[in-house]
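Residue numbers (this note's numbering): 467 to 923.
Glycine is no exception: its CB is placed at the ideal position from the N, C-alpha and C atoms.
Single-structure report; data block below.
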């Protein structure tokens, strides 16, 4: 079957109204949960094969995440899908106004390789919750995971409504030429521009979940040991291949020695003296990305790590102090196991460093200073913000997830995901009662006065 025919068949099935039924949606969602739970070990195995992910990490960030997402959505789906009443002004009285959520149709979900289960199935949960058909395109850079999804999805989900397409550039290009009702892509900005250009030809709306250089500032008032522990966890989770991982840390000069000491201690506690043999530390997705990340180690002082094995796709947890701010390490998203630490004069200098760069997907602040916290919130534009921790906002399903500016557009997770894949149709219903004549021609001076009076009631 051609991709064109696949999309056409989905649109035909969508028009049967089957997917609009709330019970159908809940059944498909329960089947997603059943799929990941019944095949838990198989998912853990392919994630280890593709990314060297530790089983606990894979379970926590991929398998369990998807199952929890399903539970959260099912519990609230009836409420989200109901009409949402809004007030009706006097000029439209008598009448009732409300918003009616309706599904968009057939959507394309293009997943990413760094979380190749979560970043396909979590958007699919949102798309199905809104009543859509979907084609999911897993990343070819995580081939074992892609193959498992292609095998399992038809066994568990309604194949008339949900399909998997495997492949790389050619397959993705062919899909993008088709008239989907929505496209969601998770990845980098360069590919996102290609997707937007392709979508524009069919006037297809897009959701883009990208990335960027998520900054961290650690203030002198922060608990250094707790801060270091949380930053180390978030940075080297999935060997640094997380879009909302801390990309660089800023500290004042006087805090640098204590912070580096605390960070090294946490790394040794988490991964031992030789992270290469640690069962808690993953691998870079492929040799090409390993070489890319290694090439960043040309600026700044390496104060920890720096061990590289391209053949094994291994880069040890690495800390670099004060690289050139114009170097690739500080101008490109690292998406790997290197953490730059930048010394700054004060909080104001840290803010200035952030606001002169592209808006990040996340911004992090460690402080007890409420004034600084409020300034960081009000003056730093970012997709999400976390105070005294990293990444954990993603564990709150009612918080929308998405970027701003170069870090993305559109949001999902929880109700935001339902709304993202819905058309929120505006509806006004009026009875057959005689209208006041002021609304209709002929327009007189008296009617003008009466309309102005009514407008201000």
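Item to complete: My understanding is that residue 712 touches residue 856, with C-beta atoms under 8 Å, so please give their C-beta distance in whole angstroms.
Response: Sure, about 5 Å apart at Cβ, within 8 Å.
Expressed to the nearest angstrom, what Euclidean distance is found between the alpha-carbon atoms of residue 521 and residue 892? C-alpha separation (whole angstroms): 46 Å.
Could you give the first and the last residue of the continuous alpha helix (DSSP H) run that contains residue 612? For residue 612, the enclosing alpha helix (DSSP H) has its first and last residue at 609 to 622.
Have a look at residue 907 and residue 914 and give me their C-alpha separation to the nearest angstrom.
Rounded to whole angstroms, residue 907 to residue 914 spans 11 Å at the Cα level.
Exercise. Fully enclosed by the stretch 850 to 912, which beta strand (DSSP E) runs are 3 residues long or longer?
Worked result: DSSP runs (the beta strand (DSSP E)) wholly in the stretch 850 to 912: 850 to 853, 888 to 895.
_Comparing C-alpha positions only, which one of 503, 611, 744, 704 sits nearest to residue 622?_
Ranking 503, 611, 744, 704 by Cα distance to residue 622 puts 503 first.
Residue 922 by DSSP, collapsed to three states: which one? Residue 922 falls in the coil class under three-state DSSP.
- When you compare each of 589, 757, 684 to residue 576 by their alpha carbons, which one comes out closest? Closest option to residue 576, Cα to Cα, is 589.
request  = Report buried or exposed for residue 634, applying the criterion of at least 16 other Cβ atoms within 10 angstroms of its Cβ.
outcome  = Around the beta-carbon of residue 634, fewer than 16 other beta-carbon atoms lie within 10 Å, marking it exposed.
Using only CA atoms, which one of 912, 895, 894 lies nearest to residue 902?
It is 912 whose Cα lies nearest to the Cα of residue 902.
Review point. If residue 501 sits next to residue 618, beta carbons under 8 Å apart, how far is it from one beta carbon to the other, in whole angstroms?
Key: With a Cβ gap of about 5 Å, residue 501 and residue 618 count as contacting.
TODO: Could you tell me which uninterrupted alpha helix (DSSP H) segments, each at least 4 residues in length, are contained entirely in the stretch 521 to 589, listed from first to last along the chain?
DONE: The stretch 521 to 589 contains these whole alpha helix (DSSP H) runs: 521 to 524, 530 to 547.
One or two residues paired with residue 652 in a DSSP bridge:
Beta-bridge pairing links residue 652 to 675.
- Message: Let's see if you can read the secondary structure: which residues bound the alpha helix (DSSP H) around residue 756?
- Response: Looking at the DSSP string, the run of the alpha helix (DSSP H) that includes residue 756 is 753 to 760.
If I measure Cβ to Cβ from residue 492 and keep anything under 7 Å in the same chain, skipping five residues before and after, which residues do I get? Cβ-Cβ distances below 7 Å link residue 492 to 540, 543 in the same chain, with the five nearest sequence neighbours on each side left out; the list follows chain order.
N- and C-terminal bounds of the beta strand (DSSP E) containing residue 782: For residue 782, there is no enclosing beta strand (DSSP E), as DSSP marks it with neither H nor E.
Residue 604 (DSSP reduced to helix, strand or coil):
Coil.
task = To the nearest angstrom, report how far apart residue 647 and residue 494 are at their CA atoms.
result = Between residue 647 and residue 494, the C-alpha separation is close to 20 Å.
Report yes or no: do three or more beta-carbon pairs, one from the stretch 569 to 584 and one from the stretch 856 to 873, lie closer than 8 Å? No, the stretch 569 to 584 does not touch the stretch 856 to 873.
task: With DSSP as the reference, please indicate the residues paired to residue 629 in a beta bridge.
output: Answer is 601.
Residue 479, DSSP secondary structure in three states = Under the three-state reduction of DSSP, residue 479 is assigned to helix.
Between the beta-carbon of residue 533 and the beta-carbon of residue 652, is there less than 8 Å? Cβ atoms of residue 533 and residue 652: not closer than 8 Å.
Is the stretch 682 to 697 touching the stretch 717 to 728 in the sense that three or more CB pairs, one from each, lie closer than 8 Å? Output reads yes: the stretch 682 to 697 touches the stretch 717 to 728.
**Message:** Let's see if you can read the secondary structure: which residues bound the beta strand (DSSP E) around residue 831?
**Reply:** It spans 828 to 832 - the beta strand (DSSP E) in which residue 831 sits, taken as one unbroken run.
Ends of the beta strand (DSSP E) at residue 846? Looking at the DSSP string, residue 846 is not in any beta strand (DSSP E), and its letter there is neither H nor E.
Beta-carbon separation of residue 642 and residue 628 under 8 Å? No, the pair does not count as a contact, with Cβ atoms beyond the cut-off.
Top-ranked residue by Cα proximity to residue 809, from 797, 787, 691, 821: For the residues 797, 787, 691, 821, the minimum Cα distance to residue 809 belongs to 787.
Please classify residue 480 as buried or exposed, where buried requires at least 16 other C-beta atoms within 10 Å of its C-beta. With 16 or more Cβ atoms within 10 Å of its Cβ, residue 480 is classed as buried.
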